[in-house]
Amino acid sequence: MSWNIKEVGFDQHKIIHRGNQFLIGHLKLGVRGTLDEMRKEALVAVHLPLVYDQVGDGWREPVNAFNPLFTQVFVNGVEVGVMHQNPYEHEQNLSLKDAVMSRKSAFHIDGNDIVIESKRFVSDLEERAILVKYSVTASQPCKIEIKTGIDGDIWDIHGPHIEKVLFSEADDVLVASGVSHEKKNQITVLKSIDCDFKPVQETINKEDKGIYKLIEIDASAHQTYTVDQYIHIGVDEKDDVLKDRLHHLAYKGFDQHLKRHQQSWLKKWDIADVKIEGDEKADLSLRYSIYHLLILAPSRYDHASIPARGISGQTYKGAIFWDTEIFMLPFYLNHDLESAKKIIEYRIQGLKGALEKAKSYGFKGAFYAWESQDDGHDACTDYNVTDVFTKRLIRTYFKDKQVHISGDVVYAMMMYMKRTGDYEILHQGGLNVILEVARFYLDYGHYAISKDRFEVWDVMGPDEYHERVHNNAFTNQLVKMVFETVLNVENYFIHQKSPIFEELVRKMDFEDELKTIKEIISKVYIKEVNDDLIIEQFDGYFKLKDITKKDLFEKKLHPNEYLGGQGLAGDTKIIKQADVIAMLYLFKEKYSKQIMKANWDYYEPRTEHGSSLSASMYALTACLTDNPDYAYPLFMKSATVDLTGESKHYAGDVYIGGTHPAASGGAYMTVVHGFAGCTFSDQVSCIPHLPKSITSIRFKAHHLGKTYEICVKKDTFDIKELTK
Ligand code: BGC
């Protein structure tokens, strides 16, 4: 069983990818896996997720702090590092067990062998603290100079976000501070440096864009010189509080903090690890996916959920999409109920923003943000893609027409209640969300008298290539589910003999809408299968041009050209990602295996998998149709997306790189709910669908207040309830 992600050898072309691959941190601080000597050109980011800022007309995005990791080394005046020489030996490592990144690089410099090593972690027990151990060893006596400090030259996509920047030093603490442009958040980075040797000289260098300490060493041969670095980052925190925290960090020292940090990580893995036997690659890739979900856990934070690119940077505006509810929540429901609750609460708190969004389009009820930022504000722009040819903005309809987002929120809430039995959430604003979403769908859709059915026009399903379509099968199912949920919760409260439902209906003036829901619920238009058992993705889809993916790609004039809308895919049957298939997975109890199989065979060859969300939905449905060996490569695609770096980095001209936590969540779902076929209802059960290479899967999971240990083999499974 492996716990390490290791890359041997240095490749200049992979710097950006490694930044994602070796990411460490938590939901308040993301530290990209770049190396000590790198600067903003390498997309170094000490990222502050969920601290949003907008400059001028640029996109509102999370802020990157100053870079306190920057450390350079000079040997007899020559700068040594991967940006200047090719190392003859280089290794970068991420220990998944304790979220520690390390590197070792060795260089030949004028007959002298220089070895640079460093180790860093973002403390799991502090608000925002990074600890670094950095060392240099030379094979010959020489003069070494280490320059370490805070680099104020920040990588931003739509910045600069931090203004009134000041660099200072007092009591041996380096400080960089400034305020964010829009909300005037005070951003402060503090760093103290501790050498395990006596330097010949130490000086402080204040530069235009940074502050550094220069440490001069008369180095002896084969002696290792180590510099510990303690870093604290504050957002709207007083300087003296931060200084106290920094002193506490430095006082206890790197090793003691590392021990406590490791214990904290041990606890996480105890409940969350999934062991795959028989296939080491699958085992490690899944563990890596789980690592990403663990660093993103929102349990400790108020009003926090998980951005689509996690904590890896400013891409996708640091916003929260349906990815979290549909692809990540299942992991937390099994392993971390506090985080699961936070994900639900985030949307309850975002209701105000959802009401405002609906109103801005002239609709009643709650239309959730497609790209949700702190207050439920929709960061998605009307022109979200830039044309690669003309450099003009392309009108996209993600924000206006992906109305399924509101249904996704309700779907997630239902999953949460079913799995935890925590119906209190309804009293805490959950019921308002359900009724307001139902109100929105009632207003958005319409009853078509001639067809005697409730239809939902002018939407975009998960397949974003086909814009403004009518009766998208995925969306309509969610609409129906929301109406059913209203009636189910009404029954729940009647059963509880509680007046809450009635009272809220009265307060919201929802009586007529409730009556309408009861009248039309059986008339919501759910697409029937055709003679070949296929469900049409939306009205008119079957009439589109039936070309192959190969044909479509051959027509491309630019590798990054945008395929949706007016682009090449718009009038064809080629879809961006699982749509009907995603619907079949979410509503699996309503469809037979034959229907699933027929639709899989029909849609998969027509799916570009242009979103990292797509593969896992196909993998999950392949398992449901007893085809785990079809699912396997799709599972590996999801689980390795941030290991290989093989994903789309551009949509049109817009950079969309970063990590892909929804793919991590999808990989997790495929193993636990697909291969192991684990289902949680009144009872926990499994229907094993192990692919050839996997002999067993072992994991723990919470369900309805209990914790189980589950082991699934080819034809058998064992479920043990764990006593507390
Ligand atoms: C996908 C969306 C997804 C978003 C963020 C887009 O490319 O089409 O479904 O929510 O990326 O991951």
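Each residue of the sequence shown is one higher than the last, beginning at 17 in the working numbering.
Idealized CB from N, CA, C, for every residue including glycine.
A direct Cα-to-Cα measurement between ILE450 and GLU57 gives close to 46 Å. Taking 7 Å as the cut-off, the C-beta of PRO176 does not count as close to any heavy atom of the ligand BGC. Separation of GLN245 and GLU142 (C-alpha to C-alpha, rounded to the nearest whole angstrom) is 15 Å. An exposed status is given to ALA186, since fewer than 16 other beta-carbon atoms sit within 10 Å of its beta-carbon. Annotation: the continuous beta strand (DSSP E) that includes SER193 extends over 189-196. Per DSSP, GLY423 is one residue of the alpha helix (DSSP H) stretching across 420-436. Taken through DSSP and simplified to helix, strand or coil, SER627 comes out as coil. About 6 Å separates the CB atoms of ALA313 and ASP352; that is less than 8 Å, so the two are in contact.
In this structure, the ligand BGC has no non-hydrogen atom nearer than 7 Å to the beta-carbon of ALA454. In the DSSP assignment, VAL116 falls outside any alpha helix (DSSP H) and lies within the beta strand (DSSP E) extending over 116-125. In this structure, the straight-line span from the alpha carbon of ALA594 to that of TRP386 is close to 18 Å. Rounded to the nearest whole angstrom, the CA to CA distance from ILE203 to GLY226 is 15 Å. ILE421 and PRO677 have their alpha carbons spaced roughly 18 Å apart. At a threshold of 7 Å, SER422 does not count as near the ligand BGC, since its beta carbon sits no closer than that to any of the ligand's heavy atoms. In this structure, the C-beta of LYS297 stays at least 7 Å away from each heavy atom of the ligand BGC. In the DSSP assignment, the residues bridged to THR723 are HIS718 and LEU738.
Cβ contact annotation for MET99 (same chain, cutoff 7 Å, sequence separation greater than five): GLU53 and MET54, in chain order. For THR87, no alpha helix (DSSP H) encloses it; the enclosing beta strand (DSSP E) starts and ends at 87-91. A straight line joining the alpha-carbon of HIS106 with that of ASN20 spans about 16 Å. At a threshold of 7 Å, TYR684 does not count as near the ligand BGC, since its beta carbon sits no closer than that to any of the ligand's heavy atoms. Shown here for ASP548: same chain residues with a beta carbon closer than 8 Å to its own, the five before and five after excluded, namely ALA614 and TYR618 in chain order.
Out of LEU262, LYS113 and MET633, the CA that lies nearest to the CA of VAL189 is found in LEU262.
The three-state reading of DSSP puts SER305 in helix, counting H, G and I together. Of all C-beta pairs linking the region 364-377 to the region 451-468, three or more are shorter than 8 Å, placing the two stretches in contact.
Residue ranges of uninterrupted alpha helix (DSSP H) with 4 or more members, entirely inside the region 20-98 and ordered along the chain, are 31-37. In the structure shown, the three-state DSSP call for ILE162 is strand.
Taking 8 Å as the upper bound for CB-CB distance, LYS113 and TRP285 are in contact here, some 7 Å apart.
Taken from the Cβ of TRP338, at least one heavy atom of the ligand BGC lies inside 7 Å. According to DSSP, residue pairing for SER111 in a beta bridge involves ASN20 and VAL116. The three-state reading of DSSP puts VAL540 in strand, counting E and B together. The continuous beta strand (DSSP E) containing SER184 extends over residues 178-186.
GLY392 and GLY93 have their alpha carbons spaced roughly 53 Å apart. Note that the C-beta distance between PRO65 and GLY46 is below 8 Å. For LEU230, the enclosing beta strand (DSSP E) starts and ends at 226-235.
The beta carbon of MET430 lies closer than 7 Å to those of THR501 in the same chain, with the five residues before and after it left out. Between LYS730 and PRO704, the CB-CB gap stays under 8 Å.
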